[in-house]
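Comments concern the structure below.
Number of protein chains: 2
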Amino acid sequence: MAAGDLFHKQGIRGVGVEAIAEAAQTNKMTLYRYFESKDELITEWVRGIIAHKEEEWKDLNAKHRGDPEGQLRDWSQRTAAHLREMEERGSALGNAFAELPDPNHPARRVMKEHKLRAHKRVVRLCKAAGFQDPHFSANLFMMMLEGAHSCGQCVGMSQIGEHLVQVVDRMVENNRQQRAGR
Amino acid sequence: MAAGDLFHKQGIRGVGVEAIAEAAQTNKMTLYRYFESKDELITEWVRGIIAHKEEEWKDLNAKHRGDPEGQLRDWSQRTAAHLREMEERGSALGNAFAELPDPNHPARRVMKEHKLRAHKRVVRLCKAAGFQDPHFSANLFMMMLEGAHSCGQCVGMSQIGEHLVQVVDRMVENNRQQRAGR
DNA sequence: ATAGTATGTTACCGGTCGGTAACATTTAGT
DNA sequence: ACTAAATGTTACCGACCGGTAACATACTAT
């Protein structure tokens, strides 16, 4: 779905169905034979993004099996890499949240569920990594990763990415030392 | 300008000029005698928010004169308080960024300048507080404060606010100990 | 070749929205 | 009370957008 690029770059509400069809190299009519409304189309796009992220978490889990610290560090590295190739416009999901204020919008519900899952996952990882206060650390991780996107727009993505990786490394290292000292 | 509530709650593009006028207890025509376009109206709203934030920084500076650590801690506390009374919808400026993708939009330019100023200010504070790597710490602060808004939508604002305050306190404390140990 | 299905084309509908014109009404200063 | 400025009212315009109908064309399988 190449229409997603449009959504991300011009904003969901700033892109007409006609433009979406063109980006998908088809036309409006055919589009409406597959999606019953623009809202459903948006929702499907969001679902795609989320599926991709879940896929990445599976990779992360497979690559660092039984190593929650490694997963966290790799997660930050991937996010940093993702930041670097995303000049100007912020996070797709974050923007979508801002652009769909209606709490009953299906896409919004899907995103909320995903965020809850993501948060739980990070809490679980922090628990497994032996962090003293897993909820605290998990919230910290989430805050920083979320904030990196919007923050990079004024500082420069690459620097933000670097610092993100650094601080996650430090947190993991600190935790390791604290555990050793107990 | 009470119309700002509408912008924040329903999204900039989701609010018509008519609704804005009604919220301001006037009508469209009068509105257009003061603002030459909706875009300028949006920009003025954004300017108001920014002015309010700058005002708060003046307060912060006056209250903790010569105490950059106190300013940073108080900043986090105010942000936490602000989070608590902001259930559901994220940061006004962050949302505006998402809703105005056009890089030439005047409001966007204003916001970008403001973000740059804010970042510089925090770097300056971190320098004054004697942080070892002021740019690193400043970026951390910014990331967390930015991220807290979007993150609170899935965890609960009050908890996020608490943790935000805690971590800023810890960073300040760590810095104090490191300085003492040098 | 033919039938059936998927895709493309055009034109249109209803609604909303930003913005304006023309005129009526109120407010305020003297 | 009279004037001038500010505000309100109504109606409208043009543009855009989401969505549909009707029909034409291309593809595919047998």
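So the protein lines, in turn, are chains Z and H.
Going by the numbering used here, the first sequence opens with residue 1, and the numbers climb by one from there.
Going by the numbering used here, the second sequence opens with residue 183, and the numbers climb by one from there.
Where is the CB? At the ideal position from N, CA and C, for every residue including glycine.
Using the Cα positions of residue i and residue j, report the straight-line distance between them to the nearest angstrom.
i	j	result
A21/Z	A92/Z	20 angstroms
V168/Z	F136/Z	14 angstroms
P103/Z	E236/H	31 angstroms
F313/H	S219/H	45 angstroms
A32/Z	Q259/H	Note that residue 32/Z corresponds to Tyr in the displayed sequence, not to Ala. Spanning the two alpha carbons is a distance of roughly 49 angstroms.
V304/H	K297/H	11 angstroms
L265/H	A24/Z	40 angstroms
R195/H	G14/Z	9 angstroms
G48/Z	H190/H	27 angstroms
N27/Z	Y34/Z	11 angstroms
E344/H	K302/H	25 angstroms
A362/H	R176/Z	24 angstroms
Q341/H	V155/Z	27 angstroms
H287/H	H105/Z	27 angstroms
E232/H	K63/Z	As written in the sequence, residue 232/H is Ile, which differs from the Glu given in the question. Roughly 45 angstroms separates the two Cα atoms.
M268/H	E113/Z	20 angstroms
Would residue i be called buried (16 or more neighbouring beta carbons within 10 Å of its own) or exposed?
i	result
H52/Z	exposed
Q360/H	exposed
N95/Z	buried
G16/Z	exposed
L72/Z	buried
N356/H	exposed
E251/H	buried
A148/Z	buried
M111/Z	buried
E270/H	exposed
M211/H	exposed
G66/Z	exposed
Quick check: is the beta carbon of residue i nearer than 7 angstroms to any beta carbon in chain Z?
i	result
H234/H	no
F318/H	yes
H345/H	yes
P288/H	no
Assign residue i to one of three DSSP states: helix, strand, or coil.
i	result
E87/Z	coil
Q77/Z	helix
G152/Z	helix
Q25/Z	coil
Beta-carbon separation of residue i and residue j under 7 angstroms?
i	j	result
A289/H	I224/H	yes
A98/Z	A185/H	no
D74/Z	L60/Z	yes
G80/Z	V172/Z	Gly is not the amino acid found at residue 80/Z; the sequence shown has Ala there. Contact flag unset, no.
S150/Z	E238/H	no
C308/H	A300/H	no
P101/Z	Q192/H	yes
M144/Z	M183/H	no
For residue i, decide whether its Cβ has a neighbour in chain H, counting only Cβ atoms nearer than 7 angstroms.
i	result
K58/Z	no
A98/Z	yes
M171/Z	no
A80/Z	no
A148/Z	yes
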